[in-house]
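Asker:
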Amino acid sequence: MKLTILGSGGAIPTPRPFCQCIICRKARKLGEPYKRNSSSLFIQDINGVIDCGEDIADSLNKRNIQKIDNLFITHWHPDHTFGLRPILQANLDFEKDKPYKKINLYVPKKTFETLKEKISAIDYFINVQKLVVLHLVDDGDKIKIGDMKISVVGYKGKQSDIYAYLIESKGKKVLYAPCDTISFDNYKNFSNLDLLINECGLFSGDKTEISFSALMERIREIKPKKTIITHIEEIELNEFGEKHFEKSKKQYPDVNFDFAYDGMKIKI
Ligand SMILES: [Zn+2]
Ligand SMILES: [Zn+2]
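In structure tokens:
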């Protein structure tokens, strides 16, 4: 399977507007790989995208992606869903107020209830402009698209607010868990992954999010063949500096991991 990291940024993409820290100034001046859009993954085999933050149009244009058939949502947070408008309305014929094409939108049931409250326009996109074919999914559901199987993984089973997706094709397994994995109670069920794409966790060890060191311990437990670390927060890079990437690789030489960057291509 072929995957592309469309965005590797955190809750606030890098550069953060207004910020004059060294990380943001460099990202503003040099662009990629220092610039990081909201976390999002492109699955080339099925023209699929997982999550769409506010800057999804920029991410899709940067990779010259020409169509999206399938869009998956992990949870309602803005950095994962506030790009629903640009990605869905990109298929709208504004003169006729009709879609050129519809996107299959996969949203966990519980997430959808919250999404309707947080983004009330979603009802308009679905029921008036008819831009999507809505698939309400739940923990344990398996979605078959071509040769690919995508399983819905609730961090706390069917009571979850946050989900990951397990992507399987031709005997390979990739788990995409880009955000809020502190609540991922079921992670031990995933001990045979070819690739884990996981949020970074906080170097600072703040208790509201998983810490980077706790993430490394999890990886040691479930032993994916490789891990790519995404959802990298500007505020953490600002505090710890870019050199912390190399430092943390040296600190965990037994863990096979790399930090993501926007446009990173993955073939597995
Ligand atoms: Zn900054
Ligand atoms: Zn997030």
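Offset between the sequence shown (1-based) and the numbering used here: plus 9. Idealized CB from N, CA, C, for every residue including glycine.
#1: Considering only heavy atoms of ligand 2, does any lie closer than 7 Å to the CB of Ala66?
#2: What does the Cβ neighbour count give for Asn201, buried or exposed, with the cut at 16 atoms within 10 Å?
#3: What's the gap between the Cα of Arg72 and the Cα of Ile59?
#4: With a threshold of 6 Å on Cβ separation, who are the neighbours of Glu63 within its own chain once the five nearest residues in sequence on each side are excluded?
#5: If you measure from the CB of Pro26, is any heavy atom of ligand 1 nearer than 7 Å?
#6: Beta carbon of Pro22, beta carbon of Ser47: below 8 Å?
#7: May I ask you to check if the CB of Glu243 is nearer than 7 Å to at least one heavy atom of ligand 1?
#8: Between Lys181, Leu101, Ser192, Ser178, which has its C-alpha nearest Ile171's C-alpha?
#9: How many angstroms separate the CA atom of Leu124 from the CA atom of Trp85?
#10: Applying the 10 Å Cβ sphere with the 16-neighbour rule, what's the burial state of Thr142?
#11: Return the Cβ separation of Gln75 and Leu12 in integer angstroms, given the expectation that the two are a contact with Cβ distance under 8 Å.
#12: Exposed or buried, which one is Tyr109 when buried takes at least 16 other CB atoms within 10 Å?
Answerer: A quick look at the data gives this:
#1: In the sequence shown, the residue the question calls residue 66 occupies position 57. Checking the Cβ of Ala66 against ligand 2 gives no.
#2: The residue given as residue 201 occupies position 192 in the sequence shown. It counts as exposed.
#3: In the sequence shown, the residue the question calls residue 72 occupies position 63. In the sequence shown, the residue the question calls residue 59 occupies position 50. Cα to Cα, the separation comes out at about 15 Å.
#4: The residue you call residue 63 lines up with position 54 of the sequence shown. The residues are Phe91, Gly92.
#5: Numbered from its first residue, the sequence shown carries residue 26 at position 17. Pro26 Cβ: outside cutoff for every heavy atom of ligand 1.
#6: If you number the sequence shown from 1, residue 22 lands on position 13. If you number the sequence shown from 1, residue 47 lands on position 38. Against a cut-off of 8 Å, the Cβ pair of Ser47 and Pro22 comes out as a contact.
#7: Along the sequence shown, read from residue 1 onward, the residue named residue 243 stands at position 234. Answer for Glu243: yes, Cβ within range of ligand 1.
#8: Locating residue 171 in the sequence shown gives position 162, where the first residue counts as 1. Ile171 has its Cα closest to that of Ser192, out of Lys181, Leu101, Ser192, Ser178.
#9: Reading the sequence shown from its first residue, position 115 is the one you call residue 124. Reading the sequence shown from its first residue, position 76 is the one you call residue 85. The alpha-carbon atoms of Leu124 and Trp85 are separated by roughly 6 Å.
#10: Your numbering for residue 142 matches position 133 in the sequence shown. Per the sequence presented here, residue 142 reads as Val, with Thr not at that position. Its Cβ having fewer than 16 others within 10 Å, Val142 is exposed.
#11: For the purposes of this step, residue 75 is identified with residue 66 of the sequence shown, where counting begins at 1. For the purposes of this step, residue 12 is identified with residue 3 of the sequence shown, where counting begins at 1. Contact flag wrong, Cβ pair sits at about 17 Å.
#12: Taking the sequence shown and counting its residues from 1, the one referred to as residue 109 is at position 100. So Tyr109 ends up on the exposed side.
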